[in-house]
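Q: Take this structure, written in structure tokens, and hold onto it; I'll ask about it next.
Listed below in structure tokens is the structure:
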């Protein structure tokens, strides 16, 4: 009879440990998704700024239709992207298109001096900084979740309850990974 109580105690303890691990994995996965939603909020803000920026540029550089079209196409692709990997790829394309758009301002001094263009550029720069911070927060949350999911005994519970890995939001653009070149 005493052996039965010991076995029941061990089983009960294992169930409690399993519940704690399960709840920990759920909480970490929820944090990853919440962090992703913060990226999404900033990306939407970015998408809302882009049409205004394009319209401002059109007034000064209307014959630069190819560049403007690339920005609009990249924006639309980014809006419709789903999943972290597809979103990252679309954002990289949009960032490249925006770089080309801002390069136009160098060729058009009146555009560069335009107050509306300068304000939109400043807002977009601030939004880019917020996106970078949100990406970092998301990737940190993913790291914590994935690490927890892989450690014993959580890996047993993760396998039992199908807790798959979360994907990092990584930059693919080699130019964004390079350190800026400074020369005097």
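Residue numbers (the working numbering): 1030 to 1213.
Where a beta carbon is used, it is the ideal one built from N, C-alpha and C, also for glycine.
1) Leaving aside the five residues before and after residue 1046 along the sequence, list all residues of the same chain whose C-beta is less than 8 Å from its C-beta, in chain order.
2) Use the C-beta contact count for residue 1034: other C-beta atoms within 10 angstroms, 16 or more gives buried, fewer gives exposed.
3) How many angstroms separate the CA atom of residue 1163 from the CA atom of residue 1124?
4) Is the beta carbon of residue 1107 less than 9 Å from the beta carbon of residue 1137?
5) State the DSSP-derived secondary structure class of residue 1138, mapped to helix, strand or coil.
6) Check each candidate in 1177, 1117, 1043, 1041 and name the one with the smallest Cα separation from residue 1068.
7) Restricting to runs no shorter than 4 residues, where is the alpha helix (DSSP H) found entirely within the segment 1139 to 1182?
8) Where does residue 1196 sit, in a helix, a strand or coil, going by DSSP?
9) Going along the chain, which residues of its own chain have a beta-carbon closer than 6 Å to the beta-carbon of residue 1126, five neighbours each way excluded?
10) Taking the alpha-carbon of residue 1093 as reference, which of 1115, 1056, 1175, 1140 has the nearest alpha-carbon?
11) Roughly how many angstroms separate the alpha carbons of residue 1048 and residue 1179, rounded to a whole number?
12) Under a Cβ-count criterion, where at least 16 other Cβ atoms within 10 Å of its own Cβ denotes burial, should residue 1030 be classed as buried or exposed?
13) For residue 1095, count neighbouring Cβ atoms within 10 angstroms of its own Cβ and tell me buried if that reaches 16, exposed if not.
14) What did DSSP end up calling residue 1040 once you bin it into helix, strand or coil?
15) May I ask you to report which of helix, strand or coil DSSP gives residue 1030?
16) With distance defined between alpha-carbon atoms, name the residue in 1190, 1154, 1071 nearest to residue 1053.
17) Cβ of residue 1176 within 9 Å of Cβ of residue 1078?
A: Per the coordinate set shown:
1) For the purposes of this step, residue 1046 is identified with residue 17 of the chain shown, where counting begins at 1. These residues qualify, in order along the chain: 1182.
2) Along the chain shown, read from residue 1 onward, the residue named residue 1034 stands at position 5. Residue 1034 should be labelled exposed.
3) Along the chain shown, one-based indexing puts residue 1163 at 134. Along the chain shown, one-based indexing puts residue 1124 at 95. For residue 1163 and residue 1124, the distance between alpha carbons rounds to 16 Å.
4) As a first step, residue 1107 must be located in the chain shown, where it is residue number 78. As a first step, residue 1137 must be located in the chain shown, where it is residue number 108. For residue 1107 and residue 1137, no; Cβs fall outside 9 Å.
5) Stepping through the chain shown from its first residue, residue 1138 is reached at position 109. Looking at residue 1138 - three-state DSSP - the assignment turns out to be helix.
6) Within the chain shown, residue 1068 is the residue found at index 39, counting from 1. Closest option to residue 1068, Cα to Cα, is 1117.
7) 1144 to 1179
8) Position 167 of the chain shown, counted from the start, is the residue given in the question as residue 1196. Three-state DSSP puts residue 1196 in coil, outside helix and strand.
9) On the chain shown, residue 1126 is found 97 positions in, with the first residue counted as 1. These residues qualify, in order along the chain: 1099, 1100, 1103.
10) Residue mapping note: residue 1093 aligns to position 64 of the chain shown, counting from 1. When each option's Cα is compared against that of residue 1093, the closest is 1140.
11) For the purposes of this step, residue 1048 is taken as the residue at position 19 of the chain shown. For the purposes of this step, residue 1179 is taken as the residue at position 150 of the chain shown. Cα to Cα, residue 1048 sits roughly 17 Å from residue 1179.
12) The residue you call residue 1030 lines up with position 1 of the chain shown. Exposed is the call here.
13) Reading the chain shown from its first residue, position 66 is the one you call residue 1095. With fewer than 16 Cβ atoms within 10 Å of its Cβ, residue 1095 is classed as exposed.
14) As a working note, residue 1040 is residue 11 in the chain shown. Helix, per DSSP.
15) Here the question's residue 1030 lines up with position 1 in the chain shown. Residue state, collapsed to three classes: coil.
16) Mapped onto the chain shown, residue 1053 falls at position 24. The shortest Cα separation from residue 1053 among 1190, 1154, 1071 belongs to 1190.
17) Indexing the chain shown from 1 puts residue 1176 at position 147. Indexing the chain shown from 1 puts residue 1078 at position 49. Result no, Cβ atoms of residue 1176 and residue 1078 do not sit closer than 9 Å.
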